[in-house]
Amino acid sequence: MVPARTSRDTLQLEAYSDADYATDRADRKSLSGSAVLHNGMAVSWTAKKQGGISLSTTASEFVVASEVARELIGLQ
Numbered sequence: 058m059v060p061a062r063t064s065r066d067t068l069q070l071e072a073y074s075d076a077d078y079a080t081d082r083a084d085r086k087s088l089s090g091s092a093v094l095h096n097g098m099a100v101s102w103t104a105k106k107q108g109g110i111s112l113s114t115t116a117s118e119f120v121v122a123s124e125v126a127r128e129l130i131g132l133q
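For what it's worth, the numbering used here labels the leading residue of the sequence shown as 58, then goes sequentially.
Set out below in C-alpha cells:
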C-alpha cells in the first residue's frame, strides 16, 4: 500500500505485510508481520501472533492488512 501524493511532497510511505494461517498447532492462531518504510527506511515493523482465530488464509491476510493500513493513516 502506497498513499498517493503530489510530486512536490517528499513523503513516501510503503507498507508490506504477510500472514501465515493457523501456524500454532496448539491454539490455531495465525502469525502476522508487517513493515512500514518512510522514503526507503524502516520506521515500524512487527511480527506477532494474531489475537483471534482466522477461518482462512484470506481472513488472516485481511487482519494484518487492516492493521498496517491503520498505521499508515497515523503516519501520514
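C-beta: ideal position from N, C-alpha, C; glycine also.
Coil, strand or helix - alanine 122 by DSSP: Note: alanine 122 maps to helix in three-state DSSP.
Closer than 7 angstroms by C-beta to aspartate 81: which residues in its own chain qualify, once you throw out the five before and the five after it? Chain order, please. Lys106
Simplified DSSP assignment, three categories, for leucine 132: helix
Starting from the Cα of alanine 79, find the closest Cα among Ser91, Met98 and Leu112 and give me that residue. Leu112
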